[in-house]
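Note sheet for the following structure.
Number of protein chains: 2
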Amino acid sequence: MDYETPQFYRVMQYAAQADRDVVDMVSGSPDWDPPATLRDGLRAYADAPADDYQYPPSVGLRPLREEIARRRGVPVEQIIITNGAGEANHLAMAGGFEAFGGTEILLADPVYPYYAGRANFLGAATRYVAAETDGQLDPTALRKAASEETSVIVVNSPNNPTGAVYPESAIREFVAIAEDCGALLVSDEVYDHFDYSGEFASALDVDSEQRIVTDAFSKTMAVTGLRVGYAIITDDDLRDRARTRHMLTTVTGSRPAQYAVAHALEATPPSYYSGVRERVRGRIDRLTDALDSIGAEYTDPDGGFYVMARFPEFGGGFDDVYELIDAAGVAGMPGAAFGESFEDWIRFSVCTDRVETAAARLEAYFE
Amino acid sequence: MDYETPQFYRVMQYAAQADRDVVDMVSGSPDWDPPATLRDGLRAYADAPADDYQYPPSVGLRPLREEIARRRGVPVEQIIITNGAGEANHLAMAGGFEAFGGTEILLADPVYPYYAGRANFLGAATRYVAAETDGQLDPTALRKAASEETSVIVVNSPNNPTGAVYPESAIREFVAIAEDCGALLVSDEVYDHFDYSGEFASALDVDSEQRIVTDAFSKTMAVTGLRVGYAIITDDDLRDRARTRHMLTTVTGSRPAQYAVAHALEATPPSYYSGVRERVRGRIDRLTDALDSIGAEYTDPDGGFYVMARFPEFGGGFDDVYELIDAAGVAGMPGAAFGESFEDWIRFSVCTDRVETAAARLEAYFE
Numbered sequence: 006m007d008y009e010t011p012q013f014y015r016v017m018q019y020a021a022q023a024d025r026d027v028v029d030m031v032s033g034s035p036d037w038d039p040p041a042t043l044r045d046g047l048r049a050y051a052d053a054p055a056d057d058y059q060y061p062p063s064v065g066l067r068p069l070r071e072e073i074a075r076r077r078g079v080p081v082e083q084i085i086i087t088n089g090a091g092e093a094n095h096l097a098m099a100g101g102f103e104a105f106g107g108t109e110i111l112l113a114d115p116v117y118p119y120y121a122g123r124a125n126f127l128g129a130a131t132r133y134v135a136a137e138t139d140g141q142l143d144p145t146a147l148r149k150a151a152s153e154e155t156s157v158i159v160v161n162s163p164n165n166p167t168g169a170v171y172p173e174s175a176i177r178e179f180v181a182i183a184e185d186c187g188a189l190l191v192s193d194e195v196y197d198h199f200d201y202s203g204e205f206a207s208a209l210d211v212d213s214e215q216r217i218v219t220d221a222f223s224k225t226m227a228v229t230g231l232r233v234g235y236a237i238i239t240d241d242d243l244r245d246r247a248r249t250r251h252m253l254t255t256v257t258g259s260r261p262a263q264y265a266v267a268h269a270l271e272a273t274p275p276s277y278y279s280g281v282r283e284r285v286r287g288r289i290d291r292l293t294d295a296l297d298s299i300g301a302e303y304t305d306p307d308g309g310f311y312v313m314a315r316f317p318e319f320g321g322g323f324d325d326v327y328e329l330i331d332a333a334g335v336a337g338m339p340g341a342a343f344g345e346s347f348e349d350w351i352r353f354s355v356c357t358d359r360v361e362t363a364a365a366r367l368e369a370y371f372e
Numbered sequence: 006m007d008y009e010t011p012q013f014y015r016v017m018q019y020a021a022q023a024d025r026d027v028v029d030m031v032s033g034s035p036d037w038d039p040p041a042t043l044r045d046g047l048r049a050y051a052d053a054p055a056d057d058y059q060y061p062p063s064v065g066l067r068p069l070r071e072e073i074a075r076r077r078g079v080p081v082e083q084i085i086i087t088n089g090a091g092e093a094n095h096l097a098m099a100g101g102f103e104a105f106g107g108t109e110i111l112l113a114d115p116v117y118p119y120y121a122g123r124a125n126f127l128g129a130a131t132r133y134v135a136a137e138t139d140g141q142l143d144p145t146a147l148r149k150a151a152s153e154e155t156s157v158i159v160v161n162s163p164n165n166p167t168g169a170v171y172p173e174s175a176i177r178e179f180v181a182i183a184e185d186c187g188a189l190l191v192s193d194e195v196y197d198h199f200d201y202s203g204e205f206a207s208a209l210d211v212d213s214e215q216r217i218v219t220d221a222f223s224k225t226m227a228v229t230g231l232r233v234g235y236a237i238i239t240d241d242d243l244r245d246r247a248r249t250r251h252m253l254t255t256v257t258g259s260r261p262a263q264y265a266v267a268h269a270l271e272a273t274p275p276s277y278y279s280g281v282r283e284r285v286r287g288r289i290d291r292l293t294d295a296l297d298s299i300g301a302e303y304t305d306p307d308g309g310f311y312v313m314a315r316f317p318e319f320g321g322g323f324d325d326v327y328e329l330i331d332a333a334g335v336a337g338m339p340g341a342a343f344g345e346s347f348e349d350w351i352r353f354s355v356c357t358d359r360v361e362t363a364a365a366r367l368e369a370y371f372e
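What follows is the structure, given as structure tokens:
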């Protein structure tokens, strides 16, 4: 995989060069505003004394860690603030791959491509477990794929790209599988504020030293560019590894971003989160209504920003996506970019205020 | 080395628990203000549209890279914005260790402890070249230590902890040694704005694909907590490695920090830099005057924030430093924390507005 020009750039470039107007449903970056309180936090930081411009602790600003600890119900010592969920996942996967025996990292297919990229980067082999057609990850299938060669299992709920929210029973079983085969479960919960089912279950609710929860404010507060995430690590050895790797590779995260997020966590009213969630959900509903009327198959999202769809007599490769750009004026991501099991599908992100236009265009094209 | 509680914390904790007032000359974090323009940049970012809160390019914001390219006289493509000089050094050392044959990383002694920590973290053996008593690194000694086992050589000018500024002839020879033994020269120039000798030479001035220059705005703009640094990498393969590692470990740096630094680079008058430099130099002069009157040996700094001093009939271990805290009310860093060749010395940082008090206390104690 070529990480410098990730596959979604290919699609976005094609769309940018198209002869017509195209609705961008490729990117997963929120197109809505961060909380006003976050901007207030940045303004307050701009006036802060000189001392506040120097290194924060390597593990992150204490008030931010304390607020996260309170909300997630864990001791503050277990929290490391990272450069987004990306670094949190890297620290967790790298530490788990070192600490547990085994040559393999187990991933779901379709997969968020960076998990695969990180596994390759670590020199780990990857083994994939195909998701069900509704996007769920069957614990029985995961258990069948796990072995003593498994060092790390990465799961993501609400899921990118399928929108599945794994039930508590599945999360519990994923942790049990990690324990049974001597591996680490990494549970990436970065879309946790976008659960439409009320069924979201955190791996934190399963008591185990063999699970690490990663998360970030990138989606929750619409600030993918601030790079504020965290890992919650219960096991002392895994936590030491993550702290050392963090200190020697990035030293510490950026302070104005941490400061602003800490302020926003305290001051943002619940209506911000519910308002954004309802808006995203409304967009998903509009898109799935169109898919219904077209007669397309789709993973009905319980959470997240994405819908995977399979159109009648239509594929999910780059050529199909290009055709949809040219003929319908809608750009999605080829399912083939996420693995093999959904290669006839196309992922649509609803991070655009033009979902209505896109839905109407798809209806016109496929009907 | 225990990176979670770095050695300087031990000294700072001891100082904090002392029964008396202690001048902190341990930390290298500037105690002065960042440019007002940098605060203006943060305020402007606080008002920026929602789009500006999303992922910047992985290699960094284009205007920031362009301004650095202009100032350093290199093509913009060679620049990767990193999470401080720390990440830049990590990317350079890790990539060099992978790309060049050899098991060793060559470092100066006394050494900035993070270089040694990063080498250990990469699984590299370390070989040290003792600096001269004036803090200079003799190219002949470096050449003698280099071999086909050398994969990376790290130099730092102006130097932490000695204050030495390496002359152009030495920098040129360091690059030649790297080329001759099939290794990478990493030149960390993070103190480049604090050259009092007018003799500072950048490794950029030596045309070679076997050198990487690392730098940051942490010291230049007194913002160690913003985490904005960069690497300049001429060789295509080394640059690809750094970009991939950067993308898969941290994804990208924090955007408000990059935005604010870009604004400050454009808008800060030269008087800010010269004013800060003269202030630091004045503090160094006051300290070295005291050392002269005491009859202490010291590395007369040509640059940077630090003075290494050896007092008559006094050591440079933790016990000596603790004695100086209790008896004189001045806290420095044990020379032993930086290696073997200066283990009878103590490093004093002038990142405090109480250098006058410290100088007077040292004079009173040693005279």
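So the protein sequences, as listed, match chains A and B. Start counting the first sequence at 6; every next residue gets the next number (my numbering). Start counting the second sequence at 6; every next residue gets the next number (my numbering). Every residue gets a Cβ at the ideal spot worked out from N, C-alpha and C, and that includes glycine. All values reported here derive from a predicted model rather than from experimental measurement.
Continuous alpha helix (DSSP H) stretch holding residue i: start and end
i	result
residue 93 of chain A	89-104
residue 362 of chain B	360-371
residue 148 of chain A	144-150
residue 45 of chain B	41-51
residue 17 of chain A	12-21
residue 138 of chain A	From DSSP, residue 138 of chain A is part of no alpha helix (DSSP H); its letter is neither H nor E.
residue 122 of chain B	118-126
residue 251 of chain A	241-254
residue 264 of chain B	260-272
residue 328 of chain A	323-333
Residue i - partner residues in DSSP beta bridges
i	result
residue 161 of chain A	A:193
residue 110 of chain B	B:131 and B:157
residue 353 of chain A	A:312
residue 85 of chain B	B:236
residue 339 of chain A	A:351
residue 303 of chain A	A:314
residue 200 of chain A	A:308
C-beta atoms of residue i and residue j nearer than 8 Å
i	j	result
residue 160 of chain B	residue 190 of chain B	yes
residue 62 of chain A	residue 230 of chain B	no
residue 51 of chain A	residue 48 of chain B	yes
residue 142 of chain B	residue 113 of chain B	yes
residue 165 of chain A	residue 309 of chain A	yes
residue 311 of chain A	residue 354 of chain A	yes
residue 88 of chain A	residue 232 of chain A	yes
residue 314 of chain A	residue 370 of chain A	no
residue 338 of chain A	residue 27 of chain A	no
residue 139 of chain B	residue 169 of chain B	yes
residue 107 of chain A	residue 253 of chain B	no
residue 167 of chain B	residue 135 of chain B	no
residue 19 of chain B	residue 278 of chain B	no
residue 178 of chain B	residue 144 of chain B	yes
residue 255 of chain A	residue 154 of chain A	no
residue 29 of chain A	residue 336 of chain A	yes
residue 162 of chain A	residue 105 of chain A	no
residue 109 of chain A	residue 132 of chain A	yes
residue 350 of chain B	residue 340 of chain B	yes
residue 343 of chain B	residue 115 of chain B	yes
Extent of the continuous beta strand (DSSP E) to which residue i belongs
i	result
residue 219 of chain A	216-221
residue 236 of chain A	234-238
Residue i in three-state terms, based on DSSP
i	result
residue 283 of chain B	helix
residue 170 of chain B	coil
residue 2 of chain B	There is no way to answer for residue 2 of chain B, as the model of chain B reaches only from 6 to 372.
residue 28 of chain B	strand
residue 294 of chain B	helix
9 Å Cβ cut-off: residues of chain E touching residue i
i	result
residue 55 of chain A	The chain inventory of the structure shown lacks chain E, comprising the protein chains A and B.
Taking 8 Å as the cut-off, does the segment 27-39 of chain B touch the segment 51-61 of chain A (at least 3 CB pairs, one atom from each stretch)? yes
Counting pairs of beta carbons, one from the segment 64-72 of chain B and one from the segment 211-226 of chain B, are three or more of them closer than 8 Å? no
Check whether the segment 283-301 of chain A touches the segment 256-272 of chain A, taking contact to mean three or more Cβ pairs, one atom from each stretch, closer than 8 Å. no
Three CB pairs or more closer than 8 Å across the segment 168-188 of chain A and the segment 196-208 of chain A: yes
If you pair each beta-carbon of the segment 97-114 of chain B with each one of the segment 76-84 of chain B, do three or more pairs fall below 8 Å? no
Do the segment 346-363 of chain B and the segment 273-289 of chain B make contact, defined as three or more Cβ pairs closer than 8 Å? yes
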